[in-house]
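Novice: Add 667 to the 1-based position in the sequence shown for the working numbering, that's all there is to it.
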Amino acid sequence: MSKKKKALLRMGPVVLLFVVLSVFAWIKPAQDVSLAERRKLAQMPEIIWDKIVDGKFMTDFESYTTDQFPLREPFRKVKSFIQFNLLGQKDVNEVYIAEDSASKIEEPVSDKRVETNSLKLQNVYESYFAPSGSRAWFALVPDKNYYLAEKHGYPGMDYAHLLELTKQNTDFAEWIDLTGTLDITDYYTTDSHWRQECIGDAAQTLAEALGVEISQEYTQNLAREDFAGVYAGQSALPLPAEPMYYLTSPVLDGATVFDWETGETTGLYDLEELFGRDPYDLYLSGAAALQVIENPACDTGRELVIFRDSFGSSMAPLLVPGYSKITLVDLRYMASELIPEYVPAQGQDVLFLYAPGVMNSSNLLK
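The following block contains the structure:
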């Protein structure tokens, strides 16, 4: 056989694969979201002359072809396996593994961002709640990097500096230290969040600071056996799935949640979300601008307003026994100017509960 024929035989499968993938890329419907990565995928951009001239069309088209590439997930998994296991990279897509737990590299602390976000929260409290006699508390949720990054040589935040900086800039509120109530085993190994069944000590610390009593007697319910968190999808590494639980009690079962966006009243847990885009949305149905929890089993009349991020979704139910009413506000989705209209100040307790990533963010809180 001639060298030319041998070359054609070697190249044939590659060319055929390229042709098949190219044809498949044009005929397959575009996907809206990537369930693995928990994000929306780029769509085919409009063909507009101005965008073609300034180059934006090609930039958007490149994002579209990357996101909509045929067999994208299998290729991502192969690429991550090679990078992590064969080439020995310490992280894949900024996700690293330490102590059998996945975490993501965070940006260094920005003093300006922390100070800006702290000032926003101070303005919320002093403008809307302090005049009615409300007391305020602040708790910084330690994320997984607090327990892993420096210990294992990964770049990220200077947590000692972050804690002190946040404490100094939130002196309008009483500080609650949660760092000693948790360790890395209290978090999902494949996700950024803590496990609800493991945060009893943190909940008790919050309750004691707030001056309310909560019960630690819960029934632990298996939600699903094969939970794979956000880091499993973002890294595309074959991380083992893990069980997910939620806690119930007669008091929690009797509580109701009203969502101002949907106008619906539900329970504390939304089991339909377990097999949706993000199973963590089991807790309080996930992210929401404004929710109100009513607890008919508590007759003290005490009310709590929690300004929170996603960590608050699984923590708030554990604080329910101490209050007749808990209002949850997520300033990532609700402008602070709307607070007086929907959350009239009546001397409620006010708790600011945020993870480091939120306090170190830019323009995330509205």
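For each residue, glycine too, the CB sits at the ideal point set by N, CA and C.
1. How big is the Cα-Cα spacing for Glu793 and Ala803?
2. Tyr795 and Ala1012 - do their beta-carbons sit closer together than 8 Å?
3. Do you know offhand how far Glu940's Cα is from Ser952's?
4. Would you list the residues sitting across from Asp926 in a DSSP beta bridge?
5. Going by DSSP, which residues form a beta bridge with Lys771?
6. Rounded to whole angstroms, what's the CA-CA distance from Phe1019 to Arg891? Just pull it up for me.
7. Which residues bound the beta strand (DSSP E) around Arg975?
8. Considering only C-alpha positions, which residue in the set Ala870, Pro775, Asn836 and Glu817 is nearest to Gln789?
9. Mind the definition here: the region 969–988 touches the region 1015–1030 only if three or more C-beta pairs lie below 8 Å; say whether that holds.
10. With contact counted as at least three CB pairs below 8 Å, one residue from each stretch, are the region 775–784 and the region 915–930 in contact?
11. Whole angstroms is fine: what's the gap from Ser916's alpha carbon to Pro1023's?
12. Compute the beta-carbon to beta-carbon distance between Met982 and Ile866, rounded to the nearest angstrom, for a pair I have assumed lies under 8 Å.
13. Would you kindly report the start and end of the unbroken alpha helix (DSSP H) that includes Thr833?
14. Go through its chain and collect everything with a Cβ distance to Gln883's Cβ below 6 Å, but skip five positions before and after it.
15. From Pro984 to Glu841, what does the alpha carbon distance come to, in whole angstroms?
16. Have a look at Pro798, Thr872 and Arg862 and flag the residue whose alpha-carbon is nearest the alpha-carbon of Tyr912.
Specialist: Considering the structure as presented:
1. 10 Å
2. yes
3. 7 Å
4. Gln958.
5. Val762
6. In a straight line, the C-alpha of Phe1019 is about 30 Å away from that of Arg891.
7. Glu970 to Arg975
8. Asn836
9. yes
10. no
11. 31 Å
12. 6 Å
13. Following the DSSP letters along the chain, one finds Thr833 inside the alpha helix (DSSP H) bounded by residues Tyr826 to Asn836.
14. Gly867
15. 22 Å
16. Arg862
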